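The sequence shown begins at 272 in our numbering and counts up by one.
Below is one structure, written out as C-alpha cells, with a few remarks after it.
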Amino acid sequence: MGNEIIENILKVSEMTGGVKEIVIFTENFKIHGTLVTDKHELIKHVLTLKNATICHHFDECSCNVESPTYEWLNVIDEKISAFTILGYMHCEN
C-alpha cells in the first residue's frame, strides 16, 4: 500500500476544508485524534496524530477517561484499515 493511504487521508482532510479531527481503525483498535499535517513534521509511511486516544475496536464512539491518551502517536501506514474525518461530528472522549 505504501504511503498512499497517508496521502489519501491528507487529501480527504483538505477536501473537508482542513478538518483534522480523525478516527483511524486498525485490526486491533481505533484511535481518535488530531492529524498532524505540517509538511515538516510528516514522516514517510507514518501517520502522526496529536492528543490521540486509543479505544476499543468498533465501540460506537465511547472512548472514555480510562482510555490511554498520548500527546503524540505514530501509526504505521500498513496498520491502517479504515479512517474517517469527523468534520462536524463530535466523538465524546
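Built from N, CA and C at the ideal position, the CB exists for glycine as well.
Every value quoted in this text rests on a predicted model; they were computed, and no experiment measured them.
Would you say residue i and residue j are within 8 Å of each other, going by their C-beta atoms?
i: T308; j: L281; result: yes
i: F354; j: V290; result: no
i: E298; j: S352; result: yes
Can you tell me the Cβ-Cβ gap for residue i and residue j, rounded? I've got them flagged as a contact below 8 Å.
i: S338; j: L306; result: 19 Å between Cβ atoms; not a contact.
i: I325; j: F300; result: 5 Å
Taking the alpha carbon of residue i as the point to measure from, which residue in the options has its own alpha carbon closest?
i: E349; options: E292, M286, K315; result: K315
i: A323; options: E278, V346, I277, I276; result: V346
i: L320; options: H303, H327, H311, K310; result: H303
i: E278; options: H311, F296, V317; result: V317
Span of the beta strand (DSSP E) holding residue i?
i: E285; result: Premise fails: E285 lies in the alpha helix (DSSP H), 275-286, not in any beta strand (DSSP E).
i: N345; result: 340-347
i: E292; result: 292-296
i: H327; result: 317-327
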